[in-house]
Every structure is written in structure tokens, then in C-alpha cells.
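Accompanying notes for the structure given below.
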Amino acid sequence: MFTYNRKQIRNFSIIAHIDHGKSTIADRLLEITGTISAREMQDQVLDDMDLERERGITIKAHPVTMYYRADDDKIYQMNFIDTPGHVDFSYEVSRSLSACEGALLVVDAAQGVQAQSLANVHLAIERNLEILPVINKIDLPSADVEGVKQQIEDVIGLDTSHAILCSAKTGIGIKDILEQILIFIPPPSEPLNDTLRALVFDSHYDPYRGVTVYIRVMSGEIHNKTLIKMMVTDKVFEVLEVGVFSPKEKPVDVLRPGEVGYLLANIKNTADVKIGDTITSSRKPAIDPLPGFKMIFPVVFAGIYPVDSSDFEMLRDALFKLQLNDSALHVEQESSMALGFGFRCGFLGLLHLEIIFERLQREFLLDIITTAPSVVYKFTLTDGKNLLIDNVAHYPDPTFIEYIEEPWVICHIMTHSEYLGAIMSLGMDKRGELTKTETIDAKRLLLTYRFPLNEIIIDFNDKLKSVTRGYGSFDYEFEKYEISDMVKLEIRVNEEPVDAFSCLVHRTKAEAKGRAICKKLVDVIPMQQFKVPIQAAIGGKIVARETIRALTKNVTAKCYGGDITRKRKLWEKQKEGKKKMKEIGKVNIPQSAFMEVLKASN
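Encoded structure:
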């Protein structure tokens, strides 16, 4: 049985690109330490969402405490803090890494170093974590162990002389991982004093017990009846239960320095718990919080609307429930002339949007439509005021705009050298700037690009995968806002502006985008009794136009021969009728037209 000894605790994380075997290694570690019985064992045991299993990604971090009897016959407490791998969740990853002293860098022996592992390794290096390279899938016929070692040394700059070779599927080398963790990853450092300071690195909402807060104790002790204070939100709670994850929640009497676990304190609102916050004692509070906290702000915005307006209440409840477990999801109500009542939602990135969209459809069985994603633009007005706008409906009067700034990101793309030309033309198409090209080995390149965020959030990943036949991988990080020539592209149907189709675009792309939307609308809006002009306009200038032909009726069909003046009279009468109808007629745009155009603009 483990008796508390700080020097026999190891806190570690696993950094890996999607599908490099992180979850499978976690399964083997749980098996070999006896944390999970053979009866409870299943693949990807820490990924409990269907979406996580299907896509092979980790969306929500899952910590687990394992006890391991090492070769020196001592029992060690090993706290594994699982982290999401995707760039959208990089802040959560950084907080989880702050709760660790070391990390395993898992690299696929067949695929080599990929873009996302590179981004997360830099997060770990910034926090001075001890990084242990692990080369997985060595049993594959296409494994190139020496080549991958060379890549890790050249690209990341890590020494691979003590790299562990393993195959998580067959169980080869898993025991070596545990032994090497004990040697290379240091125990938690000695606390400076006994004042309680604990880092909040995640939380989730339980409808019966309130918010479960995931913590790593840095100094002091925390147990039942402790009065705690959240240093950012300044809220005070009484602790009802503390415990560890093994991997289900298991109550314990006390959590001491270096330990990882959870606490329950009857917290009803997830907004009271901020990721990265510091928990301290309310009676004897710490003077300074732990470093590194920042508020999470959404990067990408999209409207979510029910296809059937009667589902509005259900959609509101569903978004509220998802928000309880996902503090980064921003929701506010909005209405649109075209789509009715819905919600404007803010996301950390495009993957985050996709996941929320799929969860609404699967878990809540809702039929929903999402508008094209947009980013936040900074407007500086002539009177010196600054506005943050993510919705084209709030676009100010152009005469009062001094300048507009758009967000730019730094993007790292890893690819085979044969696809360089295709990626460069894609980069030009997306207004990218190539800043650096590095050669990783004989076949692979690492490209560093600068892109406007709105160019890569919609279809960049899909296009990159198609031009590189699935070999290219990329990740991005926010750089800064830059002044840009953005314009409002207004779409008018029968001279009436339709906000749902309008969007903010760069001036160089406005005409092409306007033509594409007009062409699509001609196909999807049904014919009327009169001609309907569809126009794309920037300010007062029309940049594209299409016309929906009128339904025609042969009014002279009843005239057999006779004088031509009789036919002319009927044609004139029809013309007058059409003209009058055009003045009073209204074009009803069907719901399907909105969906089709959103698909086209995506």
C-alpha cells in the first residue's frame, strides 16, 4: 500500500499527434499497474465520448492515478494527466502540462514527427518539463526507428539516446516506460511553505453533485471541511469531498503537495471555476496566485439555428447543458430575418465547432443549421472608438470607419517535399506569407506560414489534405491583429439586402465570392412571376449580378391568326402586369436556399 512520500510521486503527461497511439499506451499503463481489472478493460478507456473513439482524438482531459511497484520494490504514485492533442485546446494543454513535472513524447515509428506534437512539445519545453521520447508502433513493417530518432533530434532538438521503443498494441516496452519515468522525470519539488495553493487544470459538471474540480496541489493540504477561495473569481466554498481518479472517482481523506485529484464543494455554476485558477485557503490565503492564468476567449463565431423553429427551446437547453461541461463555449441569443431565432456561439477553433455541432445532433437529436464561421475583427472608428465585431449584421456605417484589423496566425505545415508546389499555390490562394522552410530529412519539410485566420478556418485543412494526399499536417497559433482591406459584401435579392448571405471579405476576393453566391442563388431560388435580379454589392458598387428568369405564360395562345395588333395588345397588357407585380411582389426565399448557400460558402 502506498504511504505518502513526495519523492515517490511522479506527475506526467503524454504529448502525441492524432493517431500516434497515445490512448493505447494509456490503456497498457492502466493494465500493467493493475489500475483497471481485465473485466473493466476496453480500448481507449480514458476516451469516454463516442466522438473521441471514432475520431481517435482526445477532446476532454482525463487524469488517472496509478500505483506501481517498481524494480526497487518501492510503491510509486504515478499521476497521468491526459491532454487533448488538438491545437484548438492548446490553453487546456498548457494548464495540464503545468500540473506535471515531465511528459512522454509519443511518435509513430512509421509516420515520424507531425505538426501538432511539435506545437505541444514547445509548450512543454517552455514550462521546463523533462521530456522522454517514446517511439511507438515499432512492430509495423514500415517502421523506421533510426529515421524517426534523427527527426526528433533535428526538428525538436531532444536527445534520443534514452528513447524508449515500444509497441502499445502488443505490449512491448510498456514496463520500460514506467521504469524510465521513475528515472528521468523528477518528483514534485519541495513546497516553499505550507500555505494551500492548488492549480485548477480542468472541471466537469455532474447534475447531482455540481462541478467536479480537477486539481494539482502545489503546497499545503486540502481535505473535507476546508474553506477554499478561488483567487480569480474570488468565490469561497466549503470542500465536501476530495479524491483521486483511479480511473473512476475515489474519495480520500486528504490531498497533499504533489498529488493530483479532484474536489467537490457544492459549486453549482461552472463560471465560478476558471481553468488555470489557483485555489487557496480562505482563512490563510496565499498572497500570489500560481502563474500562467489567462481568460479563454472564443476565436471563431458561427450562428446555430434549429431547422424547425419549434425546436428553439430544445436547442437552448442543449447548448446550456454543453456549456456546463465546456467553459470555452460562448453562447448568446440572436435572431435573423431569414433563419428565425437561434444562437451566436463562440468556439476555440474549427474542430471545437465541429464537435459541438455533432454533439448537438447525436446526443440531443436536434436538426440544426450552422452559418459560415467568422472571426472577430477590430474596427477603429473616426471618433477613436474601438469595436470588436464577429457578425456582419453589426457592421458600422462605412463613413465612420477609420480602419479594420483582422487576426493573423502563425501556421506550421509538415509535408512531403513533393507537395511543396501544391502547398505554395494553396498558400497564395489563402493570402499566406511563407516565412521559413526547413528540411527535416530527405523527404519531409517544415513550412512556417503567416495566414489571416479567416482564410484557414473554413476549408484549409480539407484542401491541405487533398493536395498532399493526406500526408500534410498543420497547426496554428494566434500572432496579432493587422490592418486589412476588409469590405462588407452585401447580397441583394430583388433590390432587398439579405443579411444571412452577406459577409465580410478581403477586397481582392470580394468579386469572386459575390459571383459564386449569386450563381448558387440562381439555382436554388424558385422562379417568380417576374424577373428577379440577384446582386452582390460593396457599398454602392455592384460587383456581380445574376437574374432569375420569370415564369412565362403564352397569352396569345388563344389567338388564331388575325391581326397582329390584337396580339401586341395582349403582350403590352402582360408587360404592364409584370411591371406592377415587380413593384409590389415579394420573393420568398426557401430554407433550403440558405442551407445550399452556406454549404457553398463553406
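Sequence positions in the sequence shown follow UniProt numbering and run 1 to 602. Just so you know, even glycine gets a beta-carbon here, dropped at the ideal spot from N, CA and C. Since the model is a prediction, treat every value here as computed from it, not as a measurement.
Closer than 6 Å by C-beta to residue 395: which residues in its own chain qualify, once you throw out the five before and the five after it? Chain order, please. 488
Between the alpha carbons of residue 244 and residue 252, how many angstroms are there, rounded? 7 Å
Tell me which residues share the same chain as residue 39 and place their Cβ nearer than 8 Å to its Cβ, disregarding the 5 neighbours each side in the sequence. Any reading at residue 39 is ruled out, since the residue's pLDDT is 49, under 50, leaving its predicted position unreliable.
Short of 6 Å in beta carbon distance, which residues of its chain neighbour residue 390, apart from the five on each side in sequence? Order them along the chain. 301, 374, 376
Should residue 105 and residue 117 be called a contact, given that it needs their Cβ atoms to be closer than 8 Å? yes
Near residue 187, what residues of its chain come up, given a Cβ to Cβ distance below 8 Å and the 5 sequence neighbours on each side ignored? 6, 7, 8, 9, 10, 101, 258
Residue 542 versus residue 490: straight-line alpha-carbon distance, rounded: 9 Å
Own chain, CB closer than 6 Å to residue 332, minus 5 neighbours either side, in chain order: 344
Could you tell me the alpha carbon to alpha carbon distance between residue 78 and residue 320, rounded to whole angstroms? 35 Å
So, residue 286 versus residue 216, is the Cβ gap smaller than 8 Å? no
Mind the definition here: the stretch 453 to 469 touches the stretch 416 to 428 only if three or more C-beta pairs lie below 8 Å; say whether that holds. yes
Terminal residues of the continuous alpha helix (DSSP H) containing residue 352? 350 to 363
Own chain residues within Cβ distance below 6 Å of residue 178, not counting five before or after: 68
For a test of the three-state rule: what should DSSP assign to residue 16, helix, strand or coil? strand
So residue 532 and residue 547 are supposed to be a Cβ contact under 8 Å. How far apart are they, rounded? 7 Å
Against chain B, does residue 485 count as a neighbour if the rule is that its beta carbon must be under 8 Å from one of theirs? As a matter of chain content, chain B is missing from the structure shown, which is built from one protein chain.
Three-state class that DSSP yields for residue 493 in the structure shown: strand
Are the beta-carbon atoms belonging to residue 544 and residue 572 less than 8 Å from one another? no
Segment contact flag, the stretch 163 to 175 with the stretch 128 to 146, C-beta cutoff 8 Å, min 3 pairs: yes
Are the Cβ atoms of residue 182 and residue 76 separated by less than 8 Å? yes
Can you check which of these residues, 266, 231, 236, 232, is closest to residue 242 by C-alpha distance? 266
Burial state of residue 298 (16 or more Cβ within 10 Å): buried
Contact between the stretch 140 to 150 and the stretch 91 to 100 is defined here as three or more beta-carbon pairs at a separation below 8 Å; is this criterion met? no
Taking a contact to mean a Cβ-Cβ separation below 8 Å, would you say residue 279 touches residue 296 in this structure? no
Which residues bound the alpha helix (DSSP H) around residue 522? 507 to 524
State buried or exposed for residue 47, treating a residue as buried only when at least 16 other CB atoms are found within 10 Å of its CB. The pLDDT assigned to residue 47 is 45, lower than 50, so where the model puts this residue is not dependable; a value taken from the coordinates is nonetheless given after this. Its Cβ being crowded by 16 or more others within 10 Å, residue 47 is buried.
Can you tell me whether DSSP reads residue 539 as helix, strand or coil? coil
In three-state terms, what does DSSP make of residue 45? Any reading at residue 45 needs caution, since the residue's pLDDT is 47, under 50, leaving its predicted position unreliable; the model's value is listed next. In the structure shown, residue 45 sits in coil (DSSP, three-state: anything other than H, G, I, E or B).
Identify the continuous alpha helix (DSSP H) that holds residue 455 and give its terminal residues. 453 to 456
Note down, in chain order, each residue of its chain lying with its Cβ closer than 6 Å to the Cβ of residue 305, except the 5 sequence neighbours on either side. 339, 342, 369
Residue 167 by DSSP, collapsed to three states: which one? strand
Use the C-beta contact count for residue 271: other C-beta atoms within 10 angstroms, 16 or more gives buried, fewer gives exposed. exposed
If residue 365 sits next to residue 315, beta carbons under 8 Å apart, how far is it from one beta carbon to the other, in whole angstroms? Contact flag wrong, Cβ pair sits at about 11 Å.
Looking only at its own chain, which residues have a Cβ that is under 7 Å from the Cβ of residue 13, when we skip the five neighbours before and after it? 81, 83, 96, 97, 100, 103
Which first and last residues belong to the beta strand (DSSP E) in which residue 198 is found? 197 to 206
8 Å Cβ cutoff met for residue 413 and residue 451: no
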